[in-house]
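A.B. asks: Would you mind keeping the following structure in view while I ask a few things?
Protein chains: 2
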Amino acid sequence: MSSTYRRIALARRPSGDPVPEDFSLESGPMPEPGEGEVLIEVTHLSLDPYMRGRMDDAKSYAEPVAIGGTMTGQGVGRVLRSRAEDVPEGALATGITGWASHAVLRGKDVRVLDEGTPPSSVLGVLGMPGFTGWQGLREYGRPKRGETLVVAAATGPVGSMVGQLARAQGLRTIAIAGGEEKCRIARETFGFDAAIDHRAHEDAGSLRAAIADAAPDGIDVYWENVGGRVLEAVLPLMNTHGRIPLCGAVAWYGATPGDTDHLPRAWRAILTKRLSVNGLIIFDHWHHYPEFLKEVGPKVAAGEIAYIEDVAEGLEAAPEAFISMLKGGNTGKQIVAL
Amino acid sequence: MSSTYRRIALARRPSGDPVPEDFSLESGPMPEPGEGEVLIEVTHLSLDPYMRGRMDDAKSYAEPVAIGGTMTGQGVGRVLRSRAEDVPEGALATGITGWASHAVLRGKDVRVLDEGTPPSSVLGVLGMPGFTGWQGLREYGRPKRGETLVVAAATGPVGSMVGQLARAQGLRTIAIAGGEEKCRIARETFGFDAAIDHRAHEDAGSLRAAIADAAPDGIDVYWENVGGRVLEAVLPLMNTHGRIPLCGAVAWYGATPGDTDHLPRAWRAILTKRLSVNGLIIFDHWHHYPEFLKEVGPKVAAGEIAYIEDVAEGLEAAPEAFISMLKGGNTGKQIVAL
């Protein structure tokens, strides 16, 4: 057990892409749990693209991280002290710990895990990202056997879940990923029917031609988590009555108006192709999480659903790992092991 | 009966806003119905914003009008000759006649109307526009008592239907219209709780402030049929889980990429507010049309649903009436009486 409390704070709001100077490593006295609270020592921390949005001072679905505040995020660890019923000391537990070595949380905001659960799986394939893919695909993607699905960031924890679930339901699945190696992983590890390296294409038109080759029957479901050039490439290829679950737009985090145009073109596509575009924030859907665990947990345990984790070592490595992830530097689910 | 066949043809594709020179009045020999066909003498012709889209050579949900081809559109008239079973000569009938004095249609593409039906009502309040409002509101708007709805082009045949139906279901309804007179009509004839003259506002920000004043609880349903500045004003006011049935974007017909930016901003709004944006082309939904007539027909007959028609006189007046309509020159449903 570490006796030092350390955390990564937001030092300032990023201008465009975050840089290391936007974060600071702080230390301080060990926090004390009050009545009904627990103290967790964090062993694994999740890094996710949505955290970029929380760094901006924009009205959004959640409060921005305050300057000087601890970066938000889910962690897993051991309960060091408990003043909450139903949360025993020594238990493996998860909650919104933030980027910190320890966290005090209310007992009711903590989920106690079965011993033997791989701690990091709770942050990825069986956590928020995997659940996002499962829930968004079934509710807004509405896949049908024989259709074609395109997913960007396809080796990431959301995209790889979406692709594997869709393929199991009889869809043709097309991965878009950055680099040859990720494309190979998309095909070999996650079973995508085709994988396209967006870095090999200079512009949206060239990327579109490659996707069109891989999707001879057009696209019925576009799992949208990047925005930008990929969206521009995909929209004209959408089939009538296509669906676009919109769960992120990482290419546009920090974008200023005028960076990209094409709203009229996108709106026209939604209209003329009768697309269904639905914003998805997984926090609205937690009541379905037990159902997800029940359905997908055994498939992960049986090896029917594959997953990849990238692990950075040490809390102090979190900012660089996060910055790199936003640029596509990770292959799978980005974890920090403390 | 007129013995001359006349039609309005597309002389050339418009560059931006259509001008009179984009159309030509042609005459020719009276068309002859073949086996299974009928000849209709058109008495009333519908002008609708979607026709602007058909003038462009763009891939869309329907074929563009060919250069030299007759402008497309729905008409009502009398059956002069019939070689189709179930369509008696002399009957009042409607179909896609195009902008023409007469049309030959297959019998199965013609709908015979009850005698006594006001011919023009079939083109507006009880035709495609009214049906669009009814179907789009129930399927994609999903209105709930106590919510707030905003509709642009609110005195038009779609917007006025949407507003009246929503108000009857207990929503607060806010009209956006061009000019004081239309705002007065929106309130007095169609019962909107508030009406905002978009012409009185220099920019989207000023318009937004006026809408925000009228919608203190935010906007749950935005009936989208204009795009452009109104969309820009409305998006930030949308409530979480808001719905945007998208049935037109008249401000953007003919827009070239780069005219307007804001796709990143719009996409971010869809994501963070978990909006549901659904393209609506009414041709997909005709199987619900009898249900619409059954529900709404009696309400129109009883005066519970009001409607307004603007009537231009003579086929040769159609291009000018259409050009004016696209600029908001009409108040209600634009008809041409031949």
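Order-wise, the sequence lines are chains A and B.
Using full-length UniProt numbering, the first residue of the first sequence is number 1, and each one after it goes up by one.
Using full-length UniProt numbering, the first residue of the second sequence is number 1, and each one after it goes up by one.
Where a beta carbon is used, it is the ideal one built from N, C-alpha and C, also for glycine.
Treat the numbers as computed from the prediction; the structure is a model and nothing was measured.
Is the segment 25 to 38 of chain A touching the segment 63 to 83 of chain A in the sense that three or more CB pairs, one from each, lie closer than 8 Å?
C.D. replies: Contact holds: three or more Cβ-Cβ distances are below 8 Å.
A.B. asks: Grab the span of the alpha helix (DSSP H) containing Q164 (chain A) for me, first residue to last.
C.D. replies: First-last of the alpha helix (DSSP H) with Q164 (chain A): P157 to A168.
A.B. asks: Residues in the same chain with beta-carbon distance under 7 Å from K182 (chain B), minus the five sequence neighbours each way, listed in chain order, please.
C.D. replies: These residues qualify, in order along the chain: T155 and T331.
A.B. asks: Please give me, in chain order, every unbroken run of the alpha helix (DSSP H) with length at least 4 that falls completely inside the segment 46 to 116 of chain B.
C.D. replies: If we require 4 residues or more, the alpha helix (DSSP H) runs fully inside the segment 46 to 116 of chain B come out as 50 to 54.
A.B. asks: Tell me where the alpha helix (DSSP H) around V151 (chain B) begins and ends.
C.D. replies: Element bounds for V151 (chain B): not the alpha helix (DSSP H) but the beta strand (DSSP E), T148 to A152.
A.B. asks: Going by the beta-carbon positions, is the gap between K273 (chain A) and G141 (chain B) smaller than 8 Å?
C.D. replies: Contact flag unset, no.
A.B. asks: Using alpha carbons as the reference points, say which of B:R6, B:E147, B:G205 and B:R7 lies closest to G218 (chain B).
C.D. replies: The shortest Cα separation from G218 (chain B) among B:R6, B:E147, B:G205 and B:R7 belongs to B:E147.
A.B. asks: Helix or strand or just coil, what does DSSP make of G133 (chain A)?
C.D. replies: Note: G133 (chain A) maps to helix in three-state DSSP.
A.B. asks: I'd like to confirm the pairing. Which residues does DSSP put opposite W286 (chain B) in its beta bridges?
C.D. replies: DSSP lists no partner for W286 (chain B).
A.B. asks: Against chain A, does R266 (chain B) count as a neighbour if the rule is that its beta carbon must be under 8 Å from one of theirs?
C.D. replies: Position check: residue 266 (chain B) holds Ala in this sequence, whereas Arg was assumed. Chain A contact via Cβ: present.
A.B. asks: Output, in sequence order along the chain, the residues in the segment 69 to 84 of chain B whose CB is closer than 8 Å to any CB in chain A.
C.D. replies: Cβ contacts with chain A: none found.
A.B. asks: Rounding to the nearest angstrom, what Cα-Cα distance links T256 (chain A) and R265 (chain B) in this structure?
C.D. replies: Per-residue confidence for T256 (chain A) stands at a pLDDT of 48, beneath the threshold of 50, marking its modelled position as unreliable; no derived number is given.
A.B. asks: If you follow the beta strand (DSSP E) that M238 (chain A) is part of, which residue opens it and which one closes it?
C.D. replies: From DSSP, the beta strand (DSSP E) with M238 (chain A) extends over M238 to L246.
A.B. asks: List the endpoints of the continuous beta strand (DSSP E) containing V221 (chain B).
C.D. replies: That run of the beta strand (DSSP E) goes I219 to W223.
A.B. asks: Which term fits R145 (chain B), buried or exposed, when burial requires 16 or more other beta carbons within 10 angstroms of its beta carbon?
C.D. replies: With fewer than 16 other Cβ atoms within 10 Å, it is exposed.
A.B. asks: Give, in chain order, every unbroken run of the alpha helix (DSSP H) that is at least 4 residues long and sits entirely within the segment 278 to 337 of chain B.
C.D. replies: Complete alpha helix (DSSP H) runs here, min 4: 289 to 301 and 318 to 326.
A.B. asks: Once you ignore the five residues that flank G297 (chain B) on each side, which residues in its own chain have a CB closer than 8 Å to its CB?
C.D. replies: Counting only Cβ-Cβ distances below 8 Å, and skipping sequence neighbours, we find L126.
A.B. asks: Quick check on I219 (chain B) - is its C-beta less than 8 Å from some C-beta in chain A?
C.D. replies: Not closer than 8 Å to any Cβ of chain A, the Cβ of I219 (chain B) fails to qualify, so no.
A.B. asks: Could you say which of B:G178, B:G116 and B:G130 lies nearest to Q164 (chain B) if we only look at CA atoms?
C.D. replies: That would be B:G130, whose Cα lies nearest to the Cα of Q164 (chain B).
A.B. asks: Does any residue of chain A have a CB that is nearer than 8 Å to the CB of A330 (chain B)?
C.D. replies: The sequence given here places Asn at residue 330 (chain B); Ala does not occur at that position. No - not a single Cβ of chain A is within 8 Å of the one on N330 (chain B).
A.B. asks: Restricting to Cα atoms, I'd like to know which of B:I282, B:L237 and B:R268 is closest to L246 (chain B).
C.D. replies: Selected option, being the one with the closest Cα: B:I282.
A.B. asks: Spatial neighbours of Y289 (chain B) within its chain, please: CB distance less than 8 Å, with the 5 preceding and 5 following residues excluded, ordered by chain position.
C.D. replies: If we look at Y289 (chain B) and ignore the five residues flanking it on each side, its Cβ neighbours are F131.
A.B. asks: Which word fits H201 (chain B), buried or exposed, when buried means at least 16 other C-beta atoms lie within 10 angstroms of its C-beta?
C.D. replies: The residue is buried, with at least 16 neighbouring Cβ atoms inside 10 Å.
A.B. asks: Leaving out five residues before and five after A209 (chain B) in sequence, what residues of the same chain have Cβ atoms less than 6 Å from its Cβ?
C.D. replies: None.
A.B. asks: Using 8 Å as the threshold, is the C-beta distance between L326 (chain B) and P18 (chain B) below it?
C.D. replies: Contact flag set, yes.
A.B. asks: Throw me the rounded Cβ distance for the L113 (chain B) and V122 (chain B) pair, which I believe falls under 8 Å.
C.D. replies: Yes, they are in contact, since the Cβ atoms of L113 (chain B) and V122 (chain B) sit about 6 Å apart, within 8 Å.
A.B. asks: In the DSSP assignment, the beta strand (DSSP E) including S24 (chain B) goes from what residue to what residue?
C.D. replies: From DSSP, the beta strand (DSSP E) with S24 (chain B) extends over F23 to G28.
A.B. asks: How would you label D261 (chain A), buried or exposed, when you count the other beta carbons within 10 angstroms and need 16 or more for buried?
C.D. replies: Interpretation of D261 (chain A) is limited by its pLDDT of 48, a score under 50 that renders its predicted location unreliable; the figure taken from the coordinates is listed afterwards. With 16 or more other Cβ atoms within 10 Å, it is buried.
A.B. asks: Select from B:F23, B:I174 and B:G179 the residue whose C-alpha is nearest the C-alpha of G191 (chain B).
C.D. replies: Comparing Cα-Cα distances from G191 (chain B) to each of B:F23, B:I174 and B:G179, the minimum goes to B:I174.
A.B. asks: Any C-beta of chain B sitting closer than 8 Å to the C-beta of I40 (chain A)?
C.D. replies: So no, I40 (chain A) is outside the interface.
A.B. asks: Nearest-angstrom Cα distance between A100 (chain B) and E309 (chain B)?
C.D. replies: Going from the Cα of A100 (chain B) to the Cα of E309 (chain B) covers about 20 Å.
A.B. asks: Identify the contact partners of D284 (chain B) in chain A, using a Cβ-Cβ distance below 9 Å as the criterion.
C.D. replies: Simply T240, H241 and R274.
A.B. asks: Quick one: Cα of A212 (chain A) to Cα of W223 (chain A), how far?
C.D. replies: Roughly 16 Å between the two C-alpha positions.
A.B. asks: In three-state DSSP terms, what is E139 (chain B)?
C.D. replies: Three-state result, E139 (chain B): helix.
A.B. asks: Are the C-beta atoms of P257 (chain B) and some chain A residue less than 8 Å apart?
C.D. replies: The pLDDT assigned to P257 (chain B) is 44, lower than 50, so where the model puts this residue is not dependable, and the model offers no usable value.
A.B. asks: Would you mind sorting T4 (chain B) into buried or exposed? The rule is 16 or more other CB atoms within 10 Å of its CB.
C.D. replies: Exposed.
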